Each structure stands twice: as structure tokens, then as C-alpha cells.
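Participant: Here you go, one structure.
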Ligand code: 8YV
């Protein structure tokens with residue numbers, strides 16, 4: 007790879023990151039921030055040594071098959087890599103990197119915010135005031151449900167799941183979790199966490215569920231219509247991971263039918279589209295995929311992208327290589 011590789015960045019990144027990229031690389035920026043069509047993406051990567059995509063780009067086998075021969079690295083801006091066909095990239099000898107670790111705390115904060123917001127009817131209360139409908143305090147008005155003492159079931163006890171568990175302890179929640187592997191006993195002891203090998207069994211006993219696993223072929227619709235039915239009616243469900251992990255249609259149907267207490271969703275199955283049924287429900291808090299959206303987080307992500315490209319261009323293994331076997 008040339009010392010100043012051609013780097014195609016698909017979306018607008020924070021200014022300090024773009025400035026540094028211009029110093030280091032022969033960079034093609036997307037100042038307008040208009041998401042690229044598949045056709046534009048294909049055109050853009052024909053001359054690229056490195057592609058810097060985000061979650062809004064679909065880097066599938068068709069796109070990869072049309073990349074130029076120079077394309078050696080996809081340095082994704084984000085932790086999730088479900089928008090990239092990893093097998094196809096590997097077959098073509100293209101290295102893939104991501105930005106793990108730097109958005110853990112921000113995403114966990116947002117998860118906790120939703121865990122508080124839904125049972126305590128935060129968004130509903132806000133709407134009441136803004137629409138001029140608030141007639142003053144009343145002993146039985148805006149009653150929600152207590153957080154303290156409830157059971158939180160975390161689906162996916164990786165970095166973000168663990169960070170959510172640490173926060174949840176401070177709010178008096180009992181931590182339960184389901185994960186492919188049981189976590190180290192020291193961590194379990196610190197969190198006083200209960201491991202459930204069977205997701206089904208855990209779901210049937212929780213008050214709040216938080217989705218914190220990545221979206222992979224194995225977790226697509228992990229919360230299927232059948233599994234959602236296992237949740238007790240008083241359960242709240244929060245998702246800051248990927249919409250595809252929950253069958254959104256089934257979830258919306260159950261919320262409409264009063265079979266669940268509420269939901270806090272930062273991600274959706276067909277972003278930016280949101281199931282219209284969800285829009286009408288007061289017990290659902292909807293956020294526009296902003297779990298990791300802090301200035302500090304975005305700059306840290308950009309730094310990671312730069313380090314991955316620079317290390318690779320200098321002939322070394324980039325620190326955040328993604329292997330199919332990780333998922
Ligand atoms: C990012 C995310 O904002 O990193 C991820 O996986 O879901 C988000 O927090 C987005 O992916 C950036 O590409």
C-alpha cells in the first residue's frame with residue numbers, strides 16, 4: 007500500500023478527524039454527508055486503497071466484487087460490522103477493522119437512560135407539558151413503575167452489557183444475563199449476576215430486558231415472536247444494539263395488544279424506517295440510533311479508524327482487526 011493511501015470516507019466525520027486524515031492520507035471526504043447509494047459506493051471504491059464506511063453503508067458481496075484491485079482495507083467507523091459481508095471480504099483478502107471499546111460507556115449510558123425513561127414515563131410526561139395538557143400535580147397522575155428491586159435480564163454480556171450491569175447495580179436492579187459463554191466468576195461476583203444458559207428461561211422471569219449483543223446471523227430475530235411471548239406482560243424491553251435482533255413486527259403487535267409493558271428503542275430493523283404501529287404508542291420511547299452519539303465518542307472512533315489505517319499502511323497488523331470467527 008502506498009504511504010499516502012487513497013482513503014474513501016462515506017459520511018461526514020468530526021472536523022478534527024477529517025483534518026488529520028487530510029494530513030495523513032489522500033482522502034476523499036463526504037462533506038455533504040448524504041448517504042451514498044450502492045452505485046455511488048461502487049464508483050467510490052474503484053480507486054480506493056481503503057474504505058471507511060459506517061452503519062448506513064451496505065458493503066455486500068456485490069459491492070465488494072466490483073471494488074478495484076487496490077482495495078485492501080475496510081476501516082469501519084463503528085463497532086458493529088453487520089453491514090459488511092465479512093466472508094466476502096476475507097475471500098478477497100480485504101482486511102476489516104472496527105472501533106470497539108470507545109463507545110461502550112456512552113452506549114451503556116443511553117441504555118440506562120431508556121431503562122429509566124420507559125417505566126418512569128419520561129417522554130410521555132415531557133409530551134404532556136409541551137402539548138399544554140398538563141393540569142397540575144395529582145396523586146394518581148403519571149404513575150409509572152419502580153426500578154429499584156426489579157430484575158434486569160441482559161442479553162449479551164460483552165463490553166456494553168457489562169457496563170450496563172455496573173450502572174444497573176447502582177439503581178438497585180438485580181442483574182441476570184444470557185450470553186454464549188458464561189463470564190469470568192470474578193465479574194459475576196462483582197455484579198452479583200445470575201447466569202442463564204437458557205435464554206427462554208431467563209426471558210420468562212424478567213421485569214426489564216436489555217439487548218446488548220451484536221447482530222450476527224446467529225442473533226437475527228433472537229427475540230422472535232415465540233420468545234417475545236415468553237416475557238411476562240409487565241416486562242419492559244430496551245434495545246440499543248441492532249433492530250434486527252428483535253422481530254420488530256411481532257414486538258409492535260404485542261405492544262399494541264398490551265402484552266408487554268413498554269419498550270425503549272434506539273435501533274430499528276429497517277432504519278431509518280420505524281414500524282408505524284410503534285409511533286402511536288405512549289409506552290414506547292423511540293430514539294434515532296444515538297446510543298454512541300457523543301462528540302467525545304465520535305472523535306475516539308475517528309482516532310481508532312486513523313490508527314487502523316496508518317498501522318496497516320505502515321505494513322503492520324491493525325489493532326482492531328475483525329475476524330468472522332469473533333461473531
Ligand atoms: C455507531 C453503532 O454510531 O458502532 C456501532 O455499532 O451502532 C453506533 O453506535 C454507528 O455504527 C457508526 O457507524
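Numbering (this note's numbering), first residue to last: 7 to 333. Built from N, CA and C at the ideal position, the CB exists for glycine as well. Bear in mind the structure is a predicted one, so any value in this text is a computation, not a measurement.
#1: Kindly indicate if chain C contains any beta-carbon less than 7 Å away from that of residue 30.
#2: From what residue to what residue does the beta strand (DSSP E) around residue 157 run?
#3: Could you compute how far the alpha carbon of residue 140 sits from the alpha carbon of residue 129?
#4: Quick check on DSSP: helix, strand or coil for residue 82?
#5: If we ignore side chains and look at the alpha-carbon of each, how far apart do residue 326 and residue 268 end up?
#6: Among 21, 265, 67, 302, which one has its Cα closest to the Cα of residue 232?
#7: Determine the closest residue to residue 177 out of 310, 199, 156, with distance taken between C-alpha atoms.
#8: Between residue 274 and ligand 1, is the CB less than 6 Å from at least one heavy atom?
#9: For the beta strand (DSSP E) containing residue 164, list its first residue and its last residue.
#10: Look up residue 256 in the DSSP assignment and say whether it is helix, strand or coil.
#11: Tell me the residue span of the alpha helix (DSSP H) that contains residue 197.
#12: With burial defined as no fewer than 16 other Cβ atoms inside 10 Å of the residue's Cβ, what is the status of residue 135: buried or exposed?
#13: For residue 95, which option in 287, 79, 309, 84 has the closest C-alpha, if you only look at C-alpha atoms?
#14: According to DSSP, is residue 341 part of a helix, a strand, or is it coil?
#15: Under DSSP, the alpha helix (DSSP H) around residue 93 begins and ends at which residues?
#16: Thinking just about the alpha-carbon of each residue, which of 186, 76, 239, 59 is nearest to the one in residue 319?
#17: Please list the terminal residues of the continuous beta strand (DSSP E) segment that includes residue 217.
#18: Taking all protein chains shown into account, do 16 or more other C-beta atoms lie within 10 angstroms of the C-beta of residue 152, making it buried, or fewer, making it exposed?
#19: Who are residue 62's beta bridge partners in DSSP?
#20: Check this for me: beta carbons of residue 236 and residue 209, under 7 Å apart or not?
#21: Which whole-angstrom value is the C-beta distance of residue 328 and residue 87, which I expect to be below 8 Å?
#22: Going by other Cβ atoms of all chains shown within 10 Å of its Cβ, with 16 needed for buried, is residue 245 buried or exposed?
#23: So does residue 318 have its beta carbon nearer than 6 Å to some heavy atom of ligand 1?
#24: Roughly how many angstroms separate the alpha carbons of residue 70 and residue 211, rounded to a whole number?
#25: Taking 6 Å as the cut-off, is the beta-carbon of residue 177 closer than that to any non-hydrogen atom of ligand 1?
#26: Please name the residue or residues paired with residue 268 in a DSSP beta bridge.
#27: If you count every other CB in all the chains shown that lies within 10 Å of the CB of residue 125, and 16 or more means buried, which is it?
#28: Can you round the beta-carbon distance between residue 302 and residue 281 to whole angstroms, since I take them to be within the 8 Å contact cut?
#29: Could you give the DSSP three-state label for residue 124: helix, strand or coil?
#30: If you run the structure through DSSP and keep just helix, strand and coil, what is residue 229?
#31: Less than 6 Å between the CB of residue 56 and some heavy atom of ligand 1, yes or no?
#32: Opposite residue 47 in the DSSP bridges: which residues?
#33: Whole angstroms are fine: how far does the CA of residue 67 sit from the CA of residue 313?
Facilitator: Let me lay it out:
#1: This model lacks chain C altogether, as it is built from one protein chain only.
#2: Translated into the one-based positions of the chain shown, residue 157 becomes position 151. Looking at the DSSP string, the run of the beta strand (DSSP E) that includes residue 157 is 157-161.
#3: Reading the chain shown from its first residue, position 134 is the one you call residue 140. Reading the chain shown from its first residue, position 123 is the one you call residue 129. Cα-Cα distance, rounded: 14 Å.
#4: Within the chain shown, residue 82 is the residue found at index 76, counting from 1. Note: residue 82 maps to coil in three-state DSSP.
#5: To locate residue 326, count along the chain shown from 1; it is residue 320. To locate residue 268, count along the chain shown from 1; it is residue 262. Rounded to whole angstroms, residue 326 to residue 268 spans 36 Å at the Cα level.
#6: Start at 1 with the first residue of the chain shown, and residue 232 comes out as number 226. Minimum Cα distance to residue 232 is reached at 265.
#7: Residue numbering aside, residue 177 sits at position 171 when the chain shown is read from its first letter. When only C-alpha atoms are compared, the closest one is 156.
#8: Stepping through the chain shown from its first residue, residue 274 is reached at position 268. No, ligand 1 has no heavy atom inside 6 Å of this Cβ.
#9: To locate residue 164, count along the chain shown from 1; it is residue 158. Segment: none, residue 164 is in no beta strand (DSSP E) and carries neither H nor E.
#10: Residue mapping note: residue 256 aligns to position 250 of the chain shown, counting from 1. Note: residue 256 maps to helix in three-state DSSP.
#11: As a position in the chain shown, residue 197 is number 191, starting the count at 1. Looking at the DSSP string, the run of the alpha helix (DSSP H) that includes residue 197 is 191-197.
#12: By 1-based counting over the chain shown, the position of residue 135 is 129. Residue 135 comes out exposed.
#13: On the chain shown, residue 95 is found 89 positions in, with the first residue counted as 1. Considering only alpha carbons, the answer is 79.
#14: Within the shown structure, residues of the chain are numbered from 7 to 333, placing residue 341 beyond reach of any answer.
#15: Here residue 93 refers to the residue found at position 87 of the chain shown. That run of the alpha helix (DSSP H) goes 92-97.
#16: Position 313 of the chain shown, counted from the first residue, corresponds to residue 319. Nearest C-alpha to residue 319: 76.
#17: Indexing the chain shown from 1 puts residue 217 at position 211. Looking at the DSSP string, the run of the beta strand (DSSP E) that includes residue 217 is 214-217.
#18: Taking the first residue of the chain shown as 1, we reach residue 152 at position 146. Looking at its Cβ environment, which holds fewer than 16 other Cβ atoms inside 10 Å, residue 152 is exposed.
#19: As a working mapping, residue 62 is identified with position 56 in the chain shown. Answer is none; residue 62 lacks a bridge partner.
#20: On the chain shown, residue 236 is found 230 positions in, with the first residue counted as 1. On the chain shown, residue 209 is found 203 positions in, with the first residue counted as 1. Against a cut-off of 7 Å, the Cβ pair of residue 209 and residue 236 comes out as a contact.
#21: Working through the chain shown from its first residue, we reach residue 328 at position 322. Working through the chain shown from its first residue, we reach residue 87 at position 81. About 5 Å; that satisfies the 8 Å criterion.
#22: Position 239 of the chain shown, counting from 1, holds the residue named residue 245. Counting Cβ neighbours within 10 Å, residue 245 comes out buried, since at least 16 surround it.
#23: For this step, residue 318 is matched to residue 312 along the chain shown. No, Cβ of residue 318 sits at least 6 Å from all heavy atoms of ligand 1.
#24: Locating residue 70 in the chain shown gives position 64, counting from the first residue. Locating residue 211 in the chain shown gives position 205, counting from the first residue. Rounded to the nearest angstrom, the two C-alpha atoms are 44 Å apart.
#25: Position 171 of the chain shown, counted from the first residue, corresponds to residue 177. No, the Cβ of residue 177 stays beyond 6 Å of every heavy atom of ligand 1.
#26: Counting from one through the chain shown, the residue named residue 268 turns up at place 262. Beta-bridge pairing links residue 268 to 242.
#27: By 1-based counting over the chain shown, the position of residue 125 is 119. With 16 or more Cβ atoms within 10 Å of its Cβ, residue 125 is classed as buried.
#28: As a position in the chain shown, residue 302 is number 296, starting the count at 1. As a position in the chain shown, residue 281 is number 275, starting the count at 1. Contact flag wrong, Cβ pair sits at about 32 Å.
#29: Within the chain shown, the letter at position 118 stands for residue 124. DSSP places residue 124 in coil when its eight states are reduced to three.
#30: Locating residue 229 in the chain shown gives position 223, where the first residue counts as 1. Of the three classes helix, strand and coil, the one that applies to residue 229 here is strand, per DSSP.
#31: The count along the chain shown starts at 1 and reaches residue 56 at position 50. No.
#32: Along the chain shown, read from residue 1 onward, the residue named residue 47 stands at position 41. The partner list for residue 47 (beta bridge, DSSP) is empty, contrary to what the question assumes.
#33: Mapped onto the chain shown, residue 313 falls at position 307. Mapped onto the chain shown, residue 67 falls at position 61. Cα to Cα, residue 313 sits roughly 26 Å from residue 67.
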